[in-house]
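First up is the structure itself, then whatever we jot down about it.
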Amino acid sequence: MTEVLLSGLRIGESARWHEGRLWLSNWGTGEVLAVGLDGAAEVMATVPTTLPFSIDWLPDGRLLVVAGPEQRLLRQEPDGSLVDHADLSGLPGGLNEIVVDGRGRGYVNGGADFHPAEGEAPGFIALVTPEGEVREVADGIAFPNGMVVTPDGGTLVIAESFAGTLTAFDIGEDGGLANRRVWAPVPGDGMVLDAEGAIWTPGWGASGPACVRVAEGGAVLETVPLEHAGFACALGGEDGRTLFVLTADWRMTDGFEENLERLLTGPATGRVLTARAPAPHAGHP
């Protein structure tokens, strides 16, 4: 059973629990919001670009914002201004999601073409070091989406949306990725890890859209049915066991551009839903 915490979003993405509130990107308004457990929302940043695709934080608390189409990674300074955090212009395409590990290393993914021909996988993962150095650490990703890093900092899991898999990599001492493998043969989007090692991610159950809790290997442990398509799941709240799900009226029968145009200019159907989870948040984000 879910409850509505907030409505009226124009595609909410990149849900993160941070400093006692749920933070998210509201694509259609170009804003980063923080939402309290009472449903009160505050604008924390307004990006000077088209879409604030994804967010996370440096260890010192400064906010990072992925400006995907412009291929920029922005950093919010103490005075609220947004500046370029690192030069990502050499990467092979636009950007999508970010996760920052416990050492302050950022992993940013993207792709040369988010509408590739069948069988193509132009996506990549890039490492942004705390010193601002950027290097590609994985390629051949079939539409890279949400990512998580395990609490020990040893594993990164990414959703390959077009391949319908959650894919894992070992993280090396230098931040490089190796030992690529299927973590679970299920599709995913914005996701979160819990203390029992399971991942919550938006999915599509037998009866329609859902947020599913998946174990390594692919066993579905829990299913939370949704009215509309899910874009991201997060865990937070006072005990870390409140599940937050970002949803919007994305129609599988329509094309990508048609859906995006309708959600950005039509009725604001985006919502934040909550439910109780069996285990608290773990890892990053």
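When we follow UniProt numbering, the leftmost residue of the sequence shown carries the number 1, and every step to the right adds one. Note that beta-carbon positions come from the ideal geometry of N, C-alpha and C, so glycine has one too.
In this structure, the alpha-carbon of P92 lies about 8 Å from that of G123. Annotated as proximal: L88 and L95, with beta-carbon spacing under 8 Å.
Excluding its 5 nearest sequence neighbours in each direction, F53 has C-beta neighbours in its own chain below 6 Å: V66, G68 and N96, listed in chain order. Under the three-state reduction of DSSP, W27 is assigned to helix.
Here D194 really is in contact with P280; their C-beta atoms are around 6 Å apart, less than 8 Å.
Taking C-beta atoms as the reference points, T247 and L273 count as a pair closer than 8 Å.
When only Cα atoms are considered, A159 and D79 end up about 34 Å apart. Taken through DSSP and simplified to helix, strand or coil, T265 comes out as helix. The alpha-carbon of Q76 is positioned some 5 Å away from that of L63.
The beta carbon of E31 sits closer than 6 Å to the beta carbons of V43 and T46 from its chain, once the five residues preceding and following it are set aside; these are given in chain order. With contacts defined as CB atoms closer than 8 Å, P130 and G104 qualify as a contacting pair. Counting only unbroken stretches of 4 or more residues, no alpha helix (DSSP H) element lies wholly within the segment 32–85.
Looking at G218, L58, G132 and E196, the one whose alpha-carbon comes closest to that of L235 is E196. As the crow flies, the alpha-carbon of V148 is around 14 Å from that of G175. Where M191 is concerned, there is no enclosing beta strand (DSSP E), because DSSP gives it neither an H nor an E.
Put simply, the backbone Cα of E238 is about 8 Å away from that of G20. Rounded to whole angstroms, the gap between the alpha carbons of G217 and A178 is 19 Å. Annotation: V157 to G266 spans about 34 Å, alpha carbon to alpha carbon.
For F143, no beta strand (DSSP E) encloses it, and the DSSP letter there is neither H nor E. DSSP places A277 outside any beta strand (DSSP E), giving it a letter other than H or E. Fully contained in the segment 181–242 is no alpha helix (DSSP H) run of length 4 or more.
Cβ-Cβ separation between V245 and C233: approximately 5 Å, consistent with a contact (criterion under 8 Å).
DSSP places F169 in the uninterrupted beta strand (DSSP E) bounded by T165 to I171. With fewer than 16 other Cβ atoms inside 10 Å of its own Cβ, V4 counts as exposed.
I125 is the residue among I125, V99 and G102 whose C-alpha sits nearest the C-alpha of G111.
Per the DSSP secondary-structure output, F162 pairs with nothing in a beta bridge.
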